[in-house]
Amino acid sequence: MGLLQSYARLIYSGLLVAGVVWCLPMSAALARSVEKPVVVAEAAMRFLAPVDYYTGTVISREQARLAAEVSGRLLWVADAGDKFEAGGVVARIDDVLLREDYAEREADVTRLQARLEFLKLEVSRLRRLARSNNAAQSQLEQVESNRLAAKGELKAAQARERRTSALLERTQLRAQFSGIVTERLLNAGEWADEGAAVVAMTDPSRLEIQGWVSVSALSFLNVHAMVKFKRGGDEFEGQVRTLVPVGDTRSRLYELRVSLPEGSWKVGESVRVAVPAMARRKVLSVPRDALVLRRDAISVFVIDDEAVAHRVPVIPGIASGPWIEVSGELNAGDPVVTRGGERLRDGQKVVVQGPDDTQ
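Numbering (our numbering), first residue to last: 1 to 359.
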């Protein structure tokens, strides 16, 4: 009987030891399972300035309505969407009457050239006769006067010929820059008065942003400054090319032009331009994602050297881009949770998976 009890105690002790050994890794795994994975970023002193967003539009730096330079019936007009190099013909005007006019001007020039040549020879002949007293001086002077008058008439006729030639050339309406026809304002067969717009053209390769800002923004903008703008969910940066310091009389807004970075841009696209609303100042800031919004307070979670999260109430301030100013018991260099803090508890152990790449 005593021997059986000894065996029983021995078996019980072995089972107890085995149970403890088996539970040890389970406890370690359980401890690890409650450690919350988080991503952190450092609180830092940064120069921030709040921004206001203004609507901007992508436009072409080269856009124009090409007007007829002579009156006439349109024979042909380019279609919307047609592409042309600078100097390409985008419309033609009937030139029959101008060609007839040009032929008449040419004939006038030829006639006056012949008359001038005759008078030159006549002056030379009378001068020879006058030296031998065989011609009256008054006759020579009369022919000399006629020669000078004919020379003036020839110059006037040549000017009329050049003018008619220029008008004839202008019956072909040419593109002033490389681009695309965006609108046909008159059609073939219609009468085009001198100065009437025939087609609208745009150069889709030379694009920029046109925006309008309030007078309060002028103090924080200058030519060549870099500003950010958004197209949908994407953010870009461009340089201020032009700032017109003369406001529109109706809207009281001032024109702003911003260069575009390389990319696929289309005329007419809408963007939102971020313009500083006040001067930059150096503040303690954290990523916006670090803020934990609760009904009772706004806070951030700071991770200590023991990988323990501590909830720190903060008061948010100005924001710019991904950063926001905070004030509270927080110091520059403190690691704050940017991802994984939604269900984090004060004093909870965490596992830092990596730094936040917020810029």
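Ideal Cβ placement from N, Cα and C applies to all residues, glycine included. None of the values given here were measured: they were computed from a predicted structure.
For residue i, the nearest candidate out of the options (CA to CA)
| i | options | result |
| --- | --- | --- |
| glutamate 79 | Val336, Leu185, Pro245, Arg160 | The sequence given here places aspartate at residue 79; glutamate does not occur at that position. Here the closest residue by C-alpha is Leu185. |
| threonine 202 | Ile59, Val51, Gln210 | Ile59 |
| glutamate 329 | Pro322, Pro316, Thr338, Arg339 | Pro316 |
| glutamine 172 | Val89, Val240, Asn146 | Val89 |
| glutamate 262 | Gln176, Ser205, Ala159 | Ser205 |
| phenylalanine 84 | Leu140, Val199, Ser138 | Val199 |
| alanine 188 | Leu74, Met278, Glu306 | Leu74 |
| aspartate 305 | Ala196, Arg174, Val351 | Val351 |
| glycine 233 | Leu243, Ala332, Ala166, Val273 | Val273 |
| valine 314 | Ile298, Trp323, Ala307 | Ile298 |
| leucine 112 | Asn146, Gly72, Leu293 | Asn146 |
| isoleucine 318 | Val283, Arg294, Ala192, Glu144 | Val283 |
Through-space distance from residue j to residue i, alpha-carbon basis
| i | j | result |
| --- | --- | --- |
| leucine 291 | serine 178 | 52 Å |
| alanine 366 | glycine 87 | Summary: the structure shown does not reach residue 366, with the chain confined to residues 1 through 359, and so no result is reported for it. |
| tryptophan 22 | phenylalanine 301 | Low per-residue confidence applies at tryptophan 22: pLDDT is 46, beneath 50, and the placement is therefore not dependable enough to give any value. |
| glutamate 42 | glycine 247 | 43 Å |
| glutamate 237 | glycine 321 | 12 Å |
| serine 327 | leucine 218 | 30 Å |
| alanine 309 | phenylalanine 229 | 36 Å |
| arginine 128 | valine 109 | 29 Å |
| arginine 160 | leucine 168 | 12 Å |
| arginine 131 | glutamate 141 | 14 Å |
| proline 50 | serine 285 | 13 Å |
| alanine 28 | valine 336 | For alanine 28, the predicted model reports a pLDDT of 42, less than 50, meaning its position is unreliable; a value from the coordinates is still stated below. The straight-line gap from Cα to Cα measures roughly 26 Å. |
| serine 33 | proline 287 | For serine 33, the predicted structure reports a pLDDT of 47, less than 50, and the residue's modelled location is therefore unreliable. A value from the coordinates is still provided. C-alpha separation (whole angstroms): 27 Å. |
| leucine 278 | asparagine 222 | At residue 278 the sequence reads methionine, which differs from the leucine that was named. About 14 Å. |
Expected contact under 8 Å - CB spacing of residue i and residue j to nearest Å
| i | j | result |
| --- | --- | --- |
| threonine 55 | arginine 105 | Between arginine 105 and threonine 55 the Cβ distance is about 55 Å, and since that is not below 8 Å, they are no contact. |
| tryptophan 76 | arginine 92 | 5 Å |
| glutamate 194 | valine 70 | 6 Å |
| aspartate 82 | valine 181 | 5 Å |
Outcome for residue i when other beta-carbon atoms lying within 10 angstroms are tallied against a minimum of 16
| i | result |
| --- | --- |
| glycine 341 | buried |
| serine 124 | exposed |
| phenylalanine 47 | exposed |
| aspartate 334 | buried |
| threonine 249 | exposed |
| leucine 121 | exposed |
| glutamate 325 | buried |
### Message
Quick check: the region 113 to 130 against the region 143 to 156, are at least 3 beta-carbon pairs closer than 8 Å?
### Response
yes
### Task
Pair every Cβ in the region 252 to 261 with every Cβ in the region 212 to 226, then say whether three or more of these pairs are closer than 8 Å.
yes
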